[in-house]
Amino acid sequence: MPSFIPYGHQYIDSQDIKYVNKVLKSDFITQGPYIKKFEDALCEYTQAKYAVVVSNGTAGLHLACMAMDIIKKNSLVIVPAISFVATSNCLLYKDAKPVFCDVDKDTVNISVECLKKLLNSKIKAVICVDFAGLPCDYEKIYALVKKTNTVIIQDACHSLGAVYKGSKVGSCKYSLVTVFSFHPVKSITTGEGGAVLTNDRILYKRIQMLRNHGMYKYRNSWYYQVRMLGFNYRMTDIQASLGLSQLQKLDKFVRRREEIVKIYNEEFKELKDYVELPRFYKDKKSSWHLYVVKLKGKFKNKRRHIFNFLRNRGIGVGVHYIPIYWHPLYQRMGYKKGLCPQAEDYYRRCLTLPLYPSMKDSQIRRVIKVFKDVFQK
Ligand SMILES: *Cc1c(COP(=O)(O)O)cnc(C)c1O
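Here the sequence shown is numbered in my numbering, starting from -8 and rising by one per residue.
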């Protein structure tokens, strides 16, 4: 029995190990020089002015919300119905209220038409998620939010390495803040880790302070002040060093992911009556975090069967994601099923196949074979 192929997996090479070893043997294993080096490298890669690395992507989203004093108790903030729960949980930490927006049925990104209907002067911010690595329609979204004087928080936990209209995701051209995750299944990894990027200097200073207990330190002095209620959301130097090494391989990782997507798309063409395949878009380049297919035709309601068939044959398929407001936590808050029909229809039909840069050709071939077998039986 060949081994299990997960839906995502890290890629670690001898350079990564060398970078980590170097820090382990140095004087600082946390709060040393690699934090700044990694932050500078992220700025250089994305062209953002400022970056703050943190303990994970969820912490990054939390700090982004905290640092913007417009998000308070009962503030209304728009979030897409399909994402990982951390996207909207960050609002609950602040007692703010998520307003769920339906998703586009092709891209699964926030639907611009639905957003237009939901936006009004009471909305404080819009959180956009670049689903599966594909950037949202930021030009259109930006034009809308500007009219109502609100801002974009970009949850780019899937999309480090993606490009929108010639700019790298993270440039903060349209968003006030952009958040990355470095969990092992994401574009690059630091074990656990995340980053918050912005071009706003004041926001940057606040995020930096909030990462470290809300402390303001005076240069060359023992004296410091706690000015806000912050957290310990720091990243270690061990992680930052790994991140720095990984970042050098990011473009290579994305190219390999794209290569695998093209192989899958070519092979699965023959299944076009049963599955909708992911598409390429002219003005955006996905980082291909996930390879998601949507079942259709006579297999539309067969997701459970297909999921089990693949899992039983060692293919680590996934479902990304259950509509956020379907979770009991959100149901108890009063959100009703049926709220976002496109999101709910998508959820019933979606299936994620394995995709990661360290996939071997033999593993790709096995996924293709087993996935084609499903529709024969
Ligand atoms: C992974 C992820 C997060 C959370 O990142 P962690 O580093 O796991 O805390 C948030 N939002 C989305 C869309 C994600 O995929």
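Note that CB positions come from ideal geometry on N, CA and C, so glycine has one too.
Less than 8 Å divides the Cβ of residue 280 from the Cβ of residue 177. The secondary-structure analysis by DSSP pairs residue 146 across a beta bridge with 120, 170. Looking at the DSSP output, residue 158 shares a beta bridge with 155. For residue 343, the shortest separation between its Cβ and any heavy atom of ligand 1 does not lie below 7 Å. Distances taken from the Cβ of residue 160 to the heavy atoms of ligand 1 include none shorter than 7 Å.
Annotation for residue 29: the continuous alpha helix (DSSP H) segment containing it runs 24 to 37.
Residue 305: not part of any beta strand (DSSP E); DSSP gives it neither H nor E. It is roughly 5 Å from the alpha-carbon of residue 162 to the alpha-carbon of residue 38.
Put simply, the backbone Cα of residue 95 is about 53 Å away from that of residue 213. Counting only unbroken stretches of 3 or more residues, the beta strand (DSSP E) elements lying wholly within the region 302 to 358 are 341 to 344, in sequence order. For residue 287 against residue 266, the beta-carbon gap comes to about 7 Å, under 8 Å, which counts as contact. About 19 Å separates the beta carbons of residue 204 and residue 184, which is beyond the 8 Å limit, so they are not a contact pair. DSSP, reduced to helix, strand and coil, places residue 91 within a strand of the structure shown. Sequence-distant partners of residue 17 (beyond 5 residues in either direction) whose C-beta falls short of 8 Å from its own C-beta, in its chain, are 23, 228. Straight-line spacing of the CA atoms in residue 272 and residue 211 works out to 52 Å. The three-state reading of DSSP puts residue 200 in helix, counting H, G and I together. Residue 139 counts as exposed, since fewer than 16 other beta carbons sit within 10 angstroms of its beta carbon.
In this structure the region 191 to 203 lies against the region 50 to 58, because at least three pairs of beta carbons, one per stretch, are closer than 8 Å. Taking C-beta atoms under 8 Å as the contact rule, residue 170 and residue 52 qualify, at a distance of about 5 Å. Ranking 333, 245, 325 by CA distance to the CA of residue 313 puts 333 first. For residue 189, the uninterrupted beta strand (DSSP E) run begins and ends at 185 to 189, by DSSP. The beta carbon of residue 29 sits no closer than 7 Å to any heavy atom of ligand 1. Within its own chain, the residues whose Cβ lies closer than 6 Å to the Cβ of residue 30, once the five positions on either side in sequence are excluded, are 42, 44, listed in chain order. Per the coordinates, the alpha-carbon of residue 102 lies some 10 Å from the alpha-carbon of residue 72. Just measuring C-alpha positions, the residue of 216, 175, 118 sitting nearest residue 3 is 175. Counting along the chain, residue 57 sits inside the alpha helix (DSSP H) bounded by residues 48 to 58.
Within the same chain, and ignoring the five residues on either side of residue 74 in sequence, the residues whose Cβ sits closer than 8 Å to its Cβ are 120, 122, 146, 312, 315. Of the candidates 351, 365, -4, 168, 168 places its Cα closest to the Cα of residue 190.
Residue 88 is not a Cβ neighbour of residue 111, given a cutoff of 8 Å. Assigned with DSSP and collapsed to three states, residue 109 falls in helix. Residue 133 sits in a helix when the DSSP states are folded into three classes.
Going by C-alpha positions, residue 137 is about 20 Å away from residue 160. From the listed residues 339, 126, 8, 252, the smallest Cα separation to residue 290 is found for 339. By the CB criterion at 8 Å, residue 164 and residue 135 fall outside the cutoff. Not a single heavy atom of ligand 1 lies less than 7 Å from the C-beta of residue 186. Note: residue 21 is bridge-paired with 227 in the DSSP secondary-structure output.
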